[in-house]
Each structure stands twice: as structure tokens, then as C-alpha cells.
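Asks:
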Amino acid sequence: MSTIARSQITITEQRKDYTFFRYSDDGGKTFTAAEAGKLAEARAIQGVGRNYANQPAAVNGEKIITLYDGFLENQPAVPFYLSARAKYHVSANAKSGKLQSNISPKLEDGKTVWSNLLFADGSSTLQADGTVKDGEASFSKVINARIASLSGVWLRSFVYLEDGITKDPDSYWYDIQIDYGPLTDYAPAPEDMAVGTTPGKWLGVATWDKPYPPLEPSAYSWSKVKGEDGPPGEAAEFYRLVPVTESAVVGRDKKLTASFVYRIEHVVGNAITAVPATEDLQVRYRGNGGTPADICMTVGDTPSSTYTLEDYPAATHPDYFHVELVNAGGDILDRRTVPVTFSTLAALDIDGQVGKISAKVQGMTVGGRNLLKGTAFRKDYPDWFRLSSGATIDPAIRHGGHNSVDCTASGQTEDKYKGVFFKTNVEPGKEYTASVWAHGDPDTIDLDAYLEIIHTDAQGQRQHVALQSIKPTQTGTWQRTSCTFTVPTGTESIECNFFVVRNGNLHIAEPMLASGSMLTDWQPAPEDAEAYLAEIETTVTKISLSITDLKTGLEAVGIHLFATEKPQIRFVGNNVGFYGVDGKMYIGQGVDEQGRVYLIIYDRDGVTPKYNLGYMGMPELIGNATPYSMVPVNELGPIPPGIALLAQDLWNDMQGTQYASLRRTLWRYTEAYTLDSQGNKIYQYGGAYNGVYDSPAIGSDNKPAGNRATVEPGAYIGVWDTSDPSGDHRSTIIVYRYNTASGVQSQNLKVRRTTDQQGRAVYLTSLSGGEYTESLLLPEREITP
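Position 473 of the sequence shown, counting from 1, maps to 473 under the working numbering, and the rest follow consecutively.
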């Protein structure tokens, strides 16, 4: 099976031929849609709606502008979604005529307002004489004042490039392109080049001398991927790059960071298989102009690479990157173009000859303080804003840590305008930007929700300055909406309102109004901080006065507050107790026979001591033992009295099995008691004493349920292993008892791990009882306890 190379380059004299493949499901009439993902909303190539730009036929430089029925009297026009805040380059090829540039907001009632933008030479047109024309367009025209005086609602705004001189169908522009930043060679938008990449029933092949795919289906030769209408035998096959991460951004620090991560897909007919990058199937990239030079990405399932360049403006830098998939023979199987973009909000004015870059604000003024007060909605400030038609502050739904206003309404049959209304002073003729965050369910909003700017005219009538829908497009997602407007002449105050017209689920948060045309991050008004500090100061004053009064009253009853050196509260009295509202004592004070103070926690009757908290802390919370617990005790025995035990012999006897064949396991029951204020023991639950039992079971009365073990004549050896958590035997204590006429005499065998003078590990074994002591030092290698 042969492999067809995508974008394969064949050198023929001085011309480069590029081969492209695209899919169709209808025999080559239209392309398949773009794959899901970032480019899924690519504009349709055929049947373009009136709100989108038609695409180039892209066959031998043919005409690309089509005439729309009923649109501007059939004048050809190409709209683009653009930001009006930056400096752009406009380029195009033309047969004749002029290129007229306009900013054209389209209104809901069908009206259109035109406002020319100016090119670098101050003109709003580019004259065509059959050659390529390049121009810089600075979109700085103020248009909002004109729009504000019209009825209707903003739908969206476009920038149009139109033939404003002639309606002659033979006079046209083609290869129109608008670049942000430096002027580059023409290429369709990435979204448009994505069409036809989803596998379909038909495969089209086109070869021409441009580095981007033809966007007109008729430029391709079509055949079925597999079937009677296609070539017999094999299915079509090719490789393609699928971007995972693909960006090249110059930050505010003038540093270029390019990040590339891809997947490689092998397409055979309708089957798609992921393949890794290898030495014979490489992903490489380079910058246009040779900087950087050809770089090979990593091999593996997701070939990747990162490229950085300091001081982008001053350095020799790329305007875009070519990313190519190359086989062992050097054939280019797929190619992608990644443009360099800029993250700064200010316009970037790039001087290609000098190699300098400077952030300039062109046609844009930067806003300052928030003119709306109380927008964190900590509480209702009637002097600053008005909650209308039952709107409330909702601390449960927040944005940026701030409360929202609940504008939700339902079941209404007339307009209620439920929301929050502000008034503020402004300057006539000045530009302002209002914004708000909105969150809700768009399906429940029947008559829309708005950001509204109102002023009162000379006749006392309320007039719209701007009206912007704030209806979210997604359910349960915070979305920000903004609106820039110019204050009418003679107006010194406006209303800035946010509301649901009739019904709908909507919350709004962090509204903001600032001077200028640039949307900035939300910030509270200075008055908000001043009000908050004033509230804190008032609260602190009240607390100070309250503490002063409290201190006087406490000292009268023996409670003294000290803060000279360290803040402390001291309770002075011979007997201190804590009482409940029922008058019963729940915590008291006691002193034992050694003069140590402990606390007594009483039972709910306020009389019976329940727990103690003493100098030993928590272990002494209930007497000096863990209550009602059964602790395993390993015993060896009995050993007939009178037998002389040497430490070495006893140790050796323990090595055969874990603790020799005489081992048995018993359970020691621990007593539990509390101390009263006189230090007397009060046993809990019947006062069970210590004992050793043959079962760990405890009955419902918390007493041992097993049989108490009898002590037979002779010696018993109890083993307590005090190993550390890692299992290293630091100390093993063996206690054995003799029943003698004078009573029980205990002897201990201790084994402790230590080191000798040379630092070698050894075990110190000692046997002691009464006045008898015997020690033995054993090397570690001879003992494994």
C-alpha cells in the first residue's frame, strides 16, 4: 500500500507545488465540517450567511467576493469579527475600484450605522490599480454616540471592507486579509482551513503553488474513499497532525514562548489510527525567515517542543512557525502554520525595519476607578444603589468572592425590571465602559436581561444611551458582558442598571463603570473601602468599650485580665468551677496528695466525677490507665522455684521458637477510676480491678467476660516488647515472679540494643532481682531477637 503525502513539496525550477487533501460526503459539492474542538465553528464554505464572509474560490486568483441578495443593494462586502482596540494591517488584491473600510454595527431592527475607519495615511479607502495594496487600519473611530440615539438593540458589530465605488460584478477584491500586528503573507483564517479535515465518503486532491489549501471544493479532484466509484483495490491513505497544544505568544515581558504538542493520525479510508513519532516519522518546526532553524520535536505518542526568545522586538524573530510532519524520505506529509500573537491588551506597534516594539494605546483610553459604589454587595446600601422589584443580595452565589444580586423572577405577565439600579455623575462627551458578570439559565429568560445606560434629556425624558443584553449563553456559568458608550452633550449624571425584564433565572455580580473604552478587571469604588474601614473602626470602638466594662465587672468577681507582658486571663479563687445554665458544676478543681492540681469533669448530674485532666495530660484524663481495655500479656511458665537462671541460658531458651514452647497468651484488664476533689479513687462501672483473664471479651457492663487466670506456684515470665514502629527491637523486658514466703519478688531480664566503642551494634542483656544483677554483651550478628 502506497502512502499519499499531504502538503508534499515538489521542487520544479523555482516553483513550489503544494498538495492538499480534503473530505466530502456529497461527492465534492461541499466539504465535511471541521472536527470537534477549537476549530469546530469554522465558517461554512458554501451557502454562507449574510453575517459571515464568503471564502475565496482560491483557484488561479479568481474572484472571492460574492453578492448577497438584499444586502446593501448587492454591494460586495466582507465582514470580520475584530477588536476595535488595536492596530491592524489590511492587505488585499484588487482588479479595480476602491476598498472602502467601515465599522458597521448591525441593529436588531435591520438598520445599519456606518462609520469609516481610517488607514495610516488618514484615508478611509485603498485605491486599486490592479496591484497588491497594503494598508494599516487603526480602528479608532468613535461610533457609539451615533448608535445610542437610534431605536433598537445592538446585535453585534462588524468591520466591513466594501467596494464603495462601483457595483460592477467584474470589479472585485480578493485575498483580503486583516492581520493583528505585522503584515504577513495572505492565508485564510485557521478556522476556515479546518473544513474538510473530518474523514468522509469522498476524498479530494488539489495541487497548487500556495501554502494553504484551496477553500473551493471545485478545485479538488474527487473520488470515493472506497467503492465502485473510486479507484479499485486500495483505500486512500495519508498522515496528519492533530494539535494538542499549539501557541506562540509574546508576553508583556517581550518574551516569545512557543508551545507545540501534537498527535499523529494515520488515516486509511475511514479508519483512523494514532501512531507515535519516530526517527522515520518526525515532527519538525521552523520560523519563517530561518529563526529558529529547523528543530525536531520529541519522539513518542505526543511529540512536543517549547521554544523561547527573549526581547522579541529587538531580536531576529519569526512572525509565524511552520510545523511539518516528515517521513524518512524527506516528504512533507502534513504542514501547519502557527502565527505569533501578542498577549498584551494594549495595541502593539511593530516597526519591522528597526526591530522595535512598543505598547501603545491607539483609539483607546484606559479607565480608572469604579464609579459604581457598593458593587461587592456586602450589604444593602440604599444611598448607593436600589434593589428593584424584590431583588435581593445573595451570599450563596458568589463571583470572585463577592455576593451577587438575585434578579430571578417567574410567573410574571408584565415587565417588572427586577434587578439593581445605580446613579452616578459623569462628564459630557466622555467615553465610558460598563460591565457586569451574569450567571443563570438562558432558557428561562423570556424577554431578555439588560445592562442599561439611561440619561434624562432637557425635556425631563429618560433616554437610552446604551442597551446591552446580559443574557448568558450557557447555564450555570459566569459570563462577563461589557458596553462602551459616549455620554451625550449636556449630560452630567446617568443611571447604570442591570435587570431581568420579566421572567428568568439570573444573578449578577461585580458591576463596574469606568471611564475609557478599555475593559478592565473589576475593582471596588474607593468609597467601598472607606465605608468598610469606618465600620471596622466603629466595631473596634464598641468592642473596646465593651471589654473595658467587662474587665471592671470580672475583676469584681475575681477574674482578672492582664495584658502588660502577655495577654492572659487569670481566674483567682480557692476553688474554681465551671457551671452550666442549669446551675450544675461540670468542671471543678482538685489537688492530689503531692499538691498537684487537676481538673475534674463531672457526669451530667453535676455531682459524680467522670474524668480527670491532670499534669500528665490526656493519659490522666481518666485516672492513670486506659479504661476498660484488655491488653495481651505473653507469659512463660511455670518455672519451679529454686532454679538458677542465667541471662545467657534464659536468652538461649527463647531462641528456639518465638518465646519458647511454654508461651501462653493472657489478657490483662486495666482498672479505670477518677479522682474526686479530695484525691479519692472512684472506680467506674462497678470498680473492676486489675486482673489477668483467658479471654479478651468484655460484657455489656464493661467487665471481663472470660475466666480470671489463677497464679500457680512457681515463676511466671511476662514479656513486653517495646519495639519502635520500624520493628527494631530497642528494648525487650521479661518479668518473672516467684511465690515466696515473703511475698512476690519480681526479677527482670532486659535486652537493649546499643553500640560498642567502635560503633558496632551489640545487645546488652541483663538479669536483675533484688540485689542480684548479671549482664552479658552479645554481638548483633549472633542474636536476632
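The beta carbon of each residue, even a glycine, is placed where N, CA and C say it ideally should be.
From which residue to which residue does the beta strand (DSSP E) around C407 run?
Replies: Unbroken run through C407: none, as it is neither H nor E.
Asks: Quick check on the burial criterion: 16 or more other C-beta atoms within 10 angstroms. Buried or exposed for Q468?
Replies: Counting Cβ neighbours within 10 Å, Q468 comes out buried, since at least 16 surround it.
Asks: Rounded to whole angstroms, what is the Cα-Cα separation between K418 and R252?
Replies: Cα to Cα, the separation comes out at about 42 Å.
Asks: When the Cα of Y285 is compared with those of S304, R386, D605, which residue comes out closest?
Replies: Closest option to Y285, Cα to Cα, is S304.
Asks: Where does S389 sit, in a helix, a strand or coil, going by DSSP?
Replies: Coil.
Asks: What is the residue span of the beta strand (DSSP E) that M512 lies within?
Replies: From DSSP, the beta strand (DSSP E) with M512 extends over 505-515.
Asks: Name the one or two DSSP bridge partners that F260 has.
Replies: E246, S305.
Asks: What are the partner residues of V283, as DSSP defines its beta bridges?
Replies: Answer is L325.
Asks: Would you decide whether R708 is buried or exposed? Buried here means 16 or more other CB atoms lie within 10 Å of its CB.
Replies: Burial call: exposed.
Asks: Taking only the alpha-carbon atoms, compute the straight-line gap between G330 and K255 and give it to the nearest angstrom.
Replies: Approximately 32 Å, taken between the alpha carbons.
Asks: Which of the three DSSP states, helix, strand or coil, is assigned to D528?
Replies: In the structure shown, D528 sits in a helix (DSSP, three-state: H, G or I).
Asks: Taking the beta strand (DSSP E) that S469 falls in, what are its first and last residues?
Replies: S469 -> beta strand (DSSP E) spans 462-469.
Asks: Measuring straight from C-alpha to C-alpha, what distance separates N503 and T444?
Replies: Approximately 7 Å between the Cα atoms of the pair.
Asks: Name the DSSP beta bridge partners of H455, please?
Replies: The partner list for H455 (beta bridge, DSSP) reads Q463.
Asks: Can you tell me the Cα-Cα spacing of V338 and E246, whole angstroms?
Replies: The alpha-carbon atoms of V338 and E246 are separated by roughly 7 Å.
Asks: Can you tell me the Cα-Cα spacing of F377 and M512, whole angstroms?
Replies: Each residue's Cα considered, the two are about 12 Å apart.
Asks: For P276, which of Y239, A33, K416, T207 has the nearest alpha-carbon?
Replies: Ranking the options by Cα distance to P276, first place goes to Y239.
Asks: When you compare only the Cα positions, how much space is there between F498 and A514?
Replies: Straight-line Cα distance between these residues: approximately 16 Å.
Asks: With a cut-off of 7 Å, does the C-beta of V326 fall near any C-beta of chain B?
Replies: In the displayed structure, chain B is absent; only one protein chain is listed.
Asks: Which term fits F20, buried or exposed, when burial requires 16 or more other beta carbons within 10 angstroms of its beta carbon?
Replies: Counting Cβ neighbours within 10 Å, F20 comes out buried, since at least 16 surround it.
Asks: Mind checking whether N505 and T433 have CB atoms under 7 Å apart?
Replies: No; because the gap between Cβ atoms is not below 7 Å, this pair is not in contact.
Asks: Could you tell me the alpha carbon to alpha carbon distance between H507 and A458, rounded to whole angstroms?
Replies: Each residue's Cα considered, the two are about 34 Å apart.
Asks: Would V436 and I470 qualify as a contact pair, given that the criterion is a beta-carbon distance under 7 Å?
Replies: Contact flag set, yes.
Asks: Please report the straight-line C-alpha distance between E510 and R263, rounded to a whole angstrom.
Replies: So the two alpha carbons sit approximately 41 Å from each other.
Asks: Classify G289 as helix, strand or coil using the three-state DSSP reduction.
Replies: G289 falls in the helix class under three-state DSSP.
Asks: Could you compute how far the alpha carbon of V59 sits from the alpha carbon of Y212?
Replies: Note on V59: pLDDT 31, under 50, position unreliable in the model; the coordinate value appears next. V59 and Y212: Cα-Cα distance of roughly 12 Å.
Asks: Report the rounded CA-to-CA distance for S404 versus P395, giving the unit in angstroms.
Replies: Going from the Cα of S404 to the Cα of P395 covers about 6 Å.
Asks: Under the three-state reduction of DSSP, which class applies to T66: helix, strand or coil?
Replies: A caution first: T66 carries a pLDDT of 30, below 50, which makes its placement in the model unreliable, though a value can still be read off. Coil, per DSSP.
Asks: Hey, how far is the Cα of Y18 from the Cα of G27?
Replies: In a straight line, the C-alpha of Y18 is about 23 Å away from that of G27.
Asks: According to the neighbour-count rule (16 or more other Cβ atoms, all chains shown, within 10 Å of its Cβ), is E787 buried or exposed?
Replies: Nothing in the structure corresponds to residue 787, since the chain is present only between 1 and 785.
Asks: Hey, quick one: how far does the beta strand (DSSP E) through N497 stretch, first residue to last?
Replies: 493-500 is the extent of the beta strand (DSSP E) around N497.
Asks: According to DSSP, is M193 helix, strand or coil?
Replies: In the structure shown, M193 sits in a helix (DSSP, three-state: H, G or I).
Asks: Within the same chain, show all residues whose beta-carbon is closer than 7 Å to that of G617, passing over the 5 residues directly before and after it, in chain order.
Replies: Any answer about G617 is weak, because its pLDDT of 48 lies below 50 and its placement is not dependable; what the coordinates show is given next. Within the same chain, G617 has no close Cβ partners at all.
Asks: Report buried or exposed for G400, applying the criterion of at least 16 other Cβ atoms within 10 angstroms of its Cβ.
Replies: The residue in question, G400, is exposed, as its Cβ has fewer than 16 Cβ neighbours within 10 Å.
Asks: Could you check what DSSP says for P488 in three-state terms: helix, strand or coil?
Replies: Here P488 sits in coil by DSSP.
Asks: Contact check, L203 vs L325 under 8 Å by CB: the rounded distance?
Replies: 18 Å between Cβ atoms; not a contact.
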